[in-house]
Every structure is written in structure tokens, then in C-alpha cells.
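Undergrad: Numbering (the working numbering), first residue to last: 315 to 527.
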């Protein structure tokens, strides 16, 4: 089945529909510019979306590159129907396409959210480097089960979100891991990375549970 997966560009509207259906968050990002559909037997069973970092100028400065020389993997959403190894294959194909068609892109950045998903097994399997990690203090779960960033409450003059205030919500415990895939190997040599074996045990998590995945 995995070998029969087809990856090809699609429009953002269709990619957003797939992300809403298959991504654990059920949410899309507005800044996705490069959208790939994941097809099996002519059925759209997922999407991979790439776009500039929200603060691409700062991201570029931190990496020592131009602000348009990197992309962020915004979403990778795949139906469970395709099996557990599909993610690595899809990501590998997307990376090869980007490398061939967008030669000015020097690296791909992605973040693993151990609060809601995992600590980045797929990235480690796809030759990404672990750049850094930090405790995630920004996510809250509302009484209805929806996960939102705490700043969402600040967007309302009454500091509410769908009738809830922050004290109604539970704080999600976990870490955010920053991974980088380098097309430019000279750029890779300029940065220090964390060896996977040196990830502290308390950081290894899967959906907020200790142990990693």
C-alpha cells in the first residue's frame, strides 16, 4: 500500500479539508503556500502543507539565512488507513520535490508537539536534526475538549473564548521540539544540535504522557 501512495500539488482549499479531517488538531494554518495531496487509489487521504514561518525574518536571522530561504512544515495529516510508516514516506517525497523545484530553500523547519501528539519520531526517522526543545506553557483544554492557545483568550475584550475564561480550562503539560531538515549541508555544520540519545526522559512524551513515541 505505501508504495502506491501518490503525492502531488493540490490547492489550499482541498488541503485544508484533508487537514481538518485527518490532523489531530483539526485546525489549519493560514500561511500555508505549498500544499501536497496524499492520494491512494485516487482518494485524497491526507495533505502536507508548507509555508513561511510566522516571523520569517526572525527565524532567518536565528538560522543565519535569508528570511525567504526556509519553509515550515505547517501540517502533515494522513489517514490511519495508510499505515504507521506512511508519514515518513510522504515526508521524504515532499522533501525531494522541494529540493528539486525550490533550490533557494536551504532548510525545512518543523515543530513536534508532545502535549497533543508525539516528540518527533517521524522527524528523527526522516533525518531531521533536533535543534532545541522547550516546555510548552501556551496550550489550554476547554471544558468541551477543544485545545486552544492561551493568547486566544486575550483576543476578546472580556478575555473569554466561547464563553469560557482561562480558569475554566486545564493547562496541557508537555514540550515543543524544534526540528530542522537541511538541504544545505554547509548550513547544517554551522549549527549545534541535540543528539537524540541526549533527550531528557522528562521531555520524551506522547500525547502528554511520559515515555515518548
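Even glycine gets a Cβ: it sits at the ideal position worked out from N, Cα and C.
Counting only the same chain and skipping the five closest in sequence on each side, list residues whose C-beta sits under 7 angstroms from that of residue 330.
TA: Result list for residue 330: 342, in chain order.
Undergrad: Taking buried to mean at least 16 other C-beta atoms within 10 Å of its own C-beta, is residue 366 buried or exposed?
TA: Classification of residue 366: buried, given that the 10 Å Cβ count is 16 or more.
Undergrad: Quick one: residues in its chain with C-beta nearer than 7 angstroms to the C-beta of residue 379, no 5 flanking neighbours on either side, listed in chain order?
TA: Correct list, in chain order: 420, 501.
Undergrad: Quick one: is residue 493 buried, meaning 16 or more other Cβ sit within 10 Å of its Cβ, or exposed?
TA: The residue is buried, with at least 16 neighbouring Cβ atoms inside 10 Å.
Undergrad: Decide if residue 401 is buried, meaning its Cβ has at least 16 other Cβ atoms within 10 Å, or exposed.
TA: Classification of residue 401: buried, given that the 10 Å Cβ count is 16 or more.
Undergrad: Please tell me whether residue 336 and residue 391 are closer than 8 angstroms, where the distance is taken between their beta carbons.
TA: Yes, they are a contact pair.
Undergrad: Taking 7 angstroms as the cut-off, is the C-beta of residue 455 nearer than that to any heavy atom in the ligand ATP?
TA: Of ligands this structure carries none, so the ligand ATP is not represented either.
Undergrad: Tell me the rounded alpha-carbon separation between residue 371 and residue 339.
TA: Near 27 angstroms, if we compare the C-alpha coordinates of residue 339 and residue 371.
Undergrad: Quick one, are the C-beta atoms of residue 350 and residue 324 less than 8 angstroms apart?
TA: Yes, Cβ-Cβ distance for residue 350 and residue 324 is below 8 angstroms.
Undergrad: Is there a C-beta anywhere in chain C that falls below 8 angstroms from the one on residue 506?
TA: Reference to chain C is not applicable here, since this structure consists of a single protein chain.
Undergrad: Rounded to a whole number of angstroms, what is the C-alpha to C-alpha distance between residue 347 and residue 334?
TA: Cα-Cα distance, rounded: 17 angstroms.
Undergrad: Specify, as a first and last residue, the run of the beta strand (DSSP E) that residue 365 falls within.
TA: Element bounds for residue 365: 357-365.
Undergrad: Just tell me which of 386, 361, 472 has its CA closest to the CA of residue 374.
TA: Considering only alpha carbons, the answer is 386.
Undergrad: Any idea which residues DSSP pairs residue 427 with across the strands?
TA: DSSP output for residue 427 lists 490 as bridge partner(s).
Undergrad: Name, in chain order, the residues that DSSP records as bridge partners for residue 422.
TA: Bridge partners of residue 422: 385, 495.
Undergrad: Identify, in the order they occur along the chain, each residue of the same chain with its Cβ nearer than 6 angstroms to the Cβ of residue 443, setting aside the five sequence neighbours on each side.
TA: 494, 507.
Undergrad: Whole angstroms is fine: what's the gap from residue 327's alpha carbon to residue 498's?
TA: Going from the Cα of residue 327 to the Cα of residue 498 covers about 31 angstroms.
Undergrad: Give a yes or no on whether the C-beta atoms belonging to residue 360 and residue 393 are separated by under 8 angstroms.
TA: Yes. Within cutoff.
Undergrad: Are residue 389 and residue 363 close, meaning C-beta to C-beta below 8 angstroms?
TA: Yes; because the gap between Cβ atoms is below 8 angstroms, this pair is in contact.
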